[in-house]
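First comes the structure, then the notes that go with it.
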Amino acid sequence: MRSLFGLIAVVTAATLYLYSLSQYLPAGPARSPQLDSEGEHEAKEPRYSSPEPSRLKFPSDLEDLRELAELLQFYKTEHTGYVLLLFCSAYLYKQSFAIPGSSFLNILAGAIFGPYKGLLLACVLTTVGSTMCYLLSQAFGKRYIVHLFPSKVSMLQKKVEENQDCLFFFLLFLRFFPMTPNWFLNMSAPIVNIPLTFFFLSVFIGLLPYNFICVQTGVMLSEVSSLDDLFSWERLLQLLAIACVSLLPGALIRSYSHRHLKVDAQAQNGLAADKKRP
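Going by this note's numbering, the sequence shown opens with residue 2, and the numbers climb by one from there.
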């Protein structure tokens, strides 16, 4: 019971921090007045003339994503530090507590910070957030996870023991070709005795292709203004290049797994049942 109260306290504190951060938006960037037809100054209100905390919410679809990206890009012109802190805090909140929807934040990273900074942010935050989830599970959640998912934990434990000789590559395989959702792997890793170092590195490397695709999608969404732009030859070639780059590491890991890893079809089917769960 003490572990449950501890977890509730951590979630409550993190929620209050994130809520407070979102409520104290700085003033929007000022725009210089424009001249009207008679040469007099005419003050035109920017699209976001005042802070609107209610607009800051986790995106649930592409329309919310576009609106939030536009709002944060507006504030980023003069308040880069605040936007960065808010984005990192929101990302770590979702990832640490295994809340669905981190893919939208990866796309948002590309739209706001660009392809290189966005990818670096997505990879670092995914890794740090997953590690925080690992530590929270280790401290507060072991008993509850085993109680809620006994068969899944047991099967994962068996596979970890069978692949002890090449455990790191087995973890990479799970990230590239998940037999179980990432959120479950993050929470169950300390229960099945996966070392934190292996876990940390496998998340950073294993989710790199996924983060790359999401960030590049965000970059494209921030640049296109119509479907014609999206389906231009330049965009289609860019999508093809992204697909090739992201599939290459997976192909290498799959080739390695056939020779060295003990992963059978029955295990994949047994753990994949949770894959559809958000």
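The beta carbon of each residue, even a glycine, is placed where N, CA and C say it ideally should be.
Measuring straight from C-alpha to C-alpha, what distance separates residue i and residue j?
i                 : j             : result
glutamate 224     : cysteine 167  : 43 Å
cysteine 89       : threonine 127 : 10 Å
glutamate 46      : leucine 72    : Unreliable placement is indicated for glutamate 46, whose pLDDT of 44 sits below 50; no coordinate value is reported for it.
leucine 85        : serine 21     : 15 Å
histidine 187     : leucine 172   : This sequence places asparagine at residue 187; histidine is not what is there. Rounded to the nearest angstrom, the two C-alpha atoms are 11 Å apart.
phenylalanine 200 : glycine 102   : 21 Å
isoleucine 195    : threonine 132 : 12 Å
phenylalanine 178 : serine 189    : 17 Å
proline 182       : leucine 175   : 9 Å
threonine 78      : leucine 69    : 15 Å
Here's a check: name, in chain order, each residue in its chain whose Cβ is nearer than 7 Å to the Cβ of residue i, leaving out the five neighbours to either side.
i             : result
threonine 218 : Ile108, Gly111
tyrosine 94   : Ala15, Leu19
glycine 271   : Per-residue confidence for glycine 271 stands at a pLDDT of 42, beneath the threshold of 50, marking its modelled position as unreliable; the derived number appears in the next sentence. Cβ neighbours of glycine 271 beyond the five flanking positions: Met156.
leucine 122   : Ala110, Phe114
glutamine 158 : Val193
Does DSSP put residue i in a helix, a strand or coil?
i            : result
leucine 93   : helix
lysine 58    : coil
glutamate 79 : coil
alanine 190  : coil
tyrosine 18  : helix
Return the chain-ordered list of same chain residues with a C-beta closer than 8 Å to the C-beta of residue i, the five sequence neighbours on each side being excluded.
i            : result
proline 116  : Val216, Gln217, Val220
isoleucine 9 : none
Kindly list the residues whose CB is nearer than 6 Å to the CB of residue i, restricted to its own chain and excluding five residues on each side of it in sequence; keep chain order.
i           : result
tyrosine 83 : Pro27
leucine 106 : Tyr92
Thinking C-beta only, is residue j closer than 7 Å to residue i?
i             : j           : result
glutamine 135 : proline 191 : Just to set this straight, residue 135 is tyrosine in the shown sequence, not glutamine. Going by C-beta atoms, tyrosine 135 is nearer than 7 Å to proline 191.
valine 204    : valine 161  : no
serine 97     : glycine 142 : no
serine 104    : leucine 57  : no
Could you name each continuous beta strand (DSSP E) segment of 3 residues or more that falls completely within the region 93–155, going from the start of the chain to the end?
Residue ranges of uninterrupted beta strand (DSSP E) with 3 or more members are absent from the region 93–155; none lies entirely inside it.
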